[in-house]
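Protein chains in written order, with the numbering used here: chain A, 1 to 118; chain B, 1001 to 1415. Don't be surprised by glycine CBs; every beta carbon is placed ideally from N, CA and C.
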């Protein structure tokens, strides 16, 4: 088994829209819960991860200039991550297809965690 | 931990009420943004940590913190609710002031005031009802449009028109205002329309219609929680809604097909709602006022307590319709009276009463006028005449539910 990180990306507008009305919020929440629980039950969920604030700072270059978030220049903001375990990248990708963020116009970036014991 | 049904919809109405208390009604959009933000935050956090033990409390605490941030960041507290400007201006009173805005009793009072503000007679009734559904019940424009069979764009326009008018008012309606009594009537009227939309309405989706009825009952019960608004007339309205809602499980089947009163399986009526309705009707009789709601509730009570169509006291019902005609005459009331006469005295007398409706041209587009003639013709053995009238009725049907029902009637008349 290998480990992968799912990075959830979404624009702010799409994020607001996904929770746009109480009914949509309810539905979206239920689908996320169902998907996460599914991953968990099948033994793929290593760590539910952490949500990230949409604001922050960026430190850039040798000048170490600090700029404030929200990062308006970034179209898709990383909103959080989850650690999963899968046979290989194909299975990790397959499992990510159920993620509700995809229906809301977001994306899941599937990144293998580098194996350090070799 | 499972999400309770309609959690977000319910909390939306409560949180907006508390936030409007703080920000003022002119900042309604800001209040809605804060609620929206709390929902987004809930998604991010709950999907990682699971649903908290008290999801409503969690959402409220996020909204509270956000409100505190916003007020602190804005240097001049006068930007927000004039009624709270003193409280918000000082750091000493700010935190308790915000806590107070989120207290159950404040939320209840603010929801009442929001209801009263939404039912401004300067706004058309359809706008009033749309505002109540959107702000107090948390329905989106798309859902309200679906329930009323209008386009989403038209509904958005209707809602934004209403919100503009709300936002331009300096403050929410004050229940101590001189206009209180007429405004309370307007509120009851809007809730009555809301309930009727669920009960008789256009949506083919049973679940949608039951939701509308439930919300109308919930808001009417909110009126009953406050002594100022809990008048006998409000109690009668609540009684009426309970007694009708009791029949919903038998009235609409899972396919959304309509079963008329005379054909309902009465074992499917909700006996608890009947009991609550009868108790409310009892309470409503305490005063000296007899309103149209009282009479309508009394009619519903006669039906609700009859074990079958044959055991129904049709004489009492005709008498009640006579009183209703004297108080609030309308062609639809006259039509229902004629149907009751048809049950009490026989189809010929019913047809005669139908023919005697004075302004029956106002029923020209109303499918249940020819349908009532059809029913009575059918009962006196004139199948061909019945068929003609049911065909006429089906052509007037305003939605699929009515059309399916009336076409079934046509088929039952044979070829």
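Terminal residues of the alpha helix (DSSP H) in which residue i lies
i              : result
residue 38/A   : 22 to 41
residue 1118/B : 1104 to 1118
residue 1241/B : 1232 to 1245
residue 109/A  : Looking at the DSSP string, residue 109/A is not in any alpha helix (DSSP H); the run it does join, the beta strand (DSSP E), is 107 to 112.
residue 1082/B : Unbroken run through residue 1082/B: none, as it is neither H nor E.
residue 1306/B : Residue 1306/B -> no alpha helix (DSSP H), and no H or E assigned at all.
residue 1164/B : 1152 to 1168
residue 2/A    : Looking at the DSSP string, residue 2/A is not in any alpha helix (DSSP H); the run it does join, the beta strand (DSSP E), is 2 to 10.
residue 1093/B : 1091 to 1101
residue 1070/B : 1055 to 1073
residue 1184/B : 1180 to 1200
residue 1255/B : Here residue 1255/B belongs to no alpha helix (DSSP H), and DSSP marks it neither H nor E.
residue 96/A   : 89 to 96
residue 1284/B : 1271 to 1284
residue 1366/B : Neither: residue 1366/B is in no alpha helix (DSSP H) and is coded neither H nor E.
Where residue i meets chain B, residues with beta-carbon distance less than 7 Å
i            : result
residue 51/A : 1044, 1045 and 1048
residue 30/A : 1003
Residue i burial status per 10 Å Cβ neighbour count (16 or more: buried)
i              : result
residue 57/A   : exposed
residue 1182/B : exposed
residue 26/A   : buried
residue 22/A   : buried
residue 1091/B : exposed
residue 1149/B : exposed
residue 1177/B : exposed
residue 1288/B : exposed
residue 66/A   : exposed
residue 1365/B : exposed
residue 1277/B : buried
residue 1354/B : buried
residue 1201/B : buried
residue 1204/B : buried
residue 1096/B : exposed
residue 1371/B : buried
residue 1155/B : buried
Chain A contact residues for residue i, given Cβ-Cβ distances below 8 Å
i              : result
residue 1085/B : Those within 8 Å of residue 1085/B in chain A number zero; the least Cβ separation is about 29 Å.
residue 1032/B : Under the 8 Å cutoff, chain A gives no residues; its nearest Cβ is about 11 Å from residue 1032/B.
residue 1291/B : Ordered by position in chain A, no residue passes the 8 Å Cβ test against residue 1291/B, which lies about 34 Å from the chain.
residue 1378/B : By Cβ distance, chain A contributes nothing, its closest Cβ being about 42 Å from residue 1378/B, past 8 Å.
residue 1039/B : 19, 22 and 25
CB-CB length for residue i against residue j, believed under 8 Å
i              : j              : result
residue 1219/B : residue 1197/B : Residue 1219/B to residue 1197/B, Cβ: 13 Å. No contact.
residue 1250/B : residue 1265/B : 5 Å
residue 1215/B : residue 51/A   : Actually they do not touch by this definition, with Cβ atoms about 32 Å apart.
residue 1026/B : residue 1167/B : 5 Å
residue 108/A  : residue 96/A   : 4 Å
residue 19/A   : residue 1293/B : Residue 19/A to residue 1293/B, Cβ: 39 Å. No contact.
residue 1373/B : residue 1340/B : With 8 Å as the limit, residue 1373/B and residue 1340/B do not qualify as a contact, their Cβ atoms being about 15 Å apart.
residue 1009/B : residue 1139/B : 7 Å
residue 1127/B : residue 1162/B : 4 Å
residue 1015/B : residue 1084/B : Incorrect: roughly 17 Å between the Cβ atoms, too far for contact.
residue 1324/B : residue 1296/B : 7 Å
residue 1320/B : residue 1299/B : 5 Å
residue 1258/B : residue 1401/B : 5 Å
residue 1406/B : residue 1394/B : 4 Å
residue 1055/B : residue 1003/B : 7 Å
residue 111/A  : residue 39/A   : No, residue 111/A and residue 39/A are not in contact; Cβ-Cβ is about 16 Å, not under 8 Å.
residue 1304/B : residue 1333/B : At roughly 19 Å, the Cβ-Cβ gap does not stay under 8 Å, so residue 1304/B and residue 1333/B are not in contact.
Per-residue contacts from residue i into chain B (C-beta, under 9 Å)
i            : result
residue 48/A : 1047, 1048, 1049 and 1050
residue 80/A : 1044, 1047 and 1048
Under 8 Å from the C-beta of residue i: neighbouring residues of chain B
i            : result
residue 10/A : What residue 10/A touches in chain B: nothing, since even the nearest Cβ is about 10 Å away.
residue 36/A : 1047
Proximal chain A residues relative to residue i, where beta-carbon distance stays under 9 Å
i              : result
residue 1143/B : 21 and 23
Partners in chain A for residue i, counting only beta-carbon separations shorter than 7 Å
i              : result
residue 1111/B : Result: empty, since nearest Cβ-Cβ is about 15 Å, beyond 7 Å.
residue 1036/B : 16 and 19
Extent of the continuous beta strand (DSSP E) run through residue i
i            : result
residue 59/A : 57 to 60
residue 85/A : 77 to 86
residue 45/A : 45 to 51
residue 65/A : 65 to 68
**Against chain A: residues of the stretch 1002 to 1015 of chain B by CB proximity under 9 Å** = Per Cβ criterion, the list reads 1002, 1003, 1005, 1006, 1007, 1008, 1009, 1010, 1011, 1012 and 1013.
**Asked** Between the stretch 1123 to 1140 of chain B and chain A, which residues of the former have CB atoms less than 8 Å from a CB of the latter, in chain order?
**Response** From the stretch 1123 to 1140 of chain B, only 1138, 1139 and 1140 have a Cβ closer than 8 Å to chain A.
**Request:** Give the residues from the stretch 1207 to 1218 of chain B that approach chain A closer than 7 Å (Cβ to any Cβ), ordered along the chain.
**Result:** Cβ contacts with chain A: none found.
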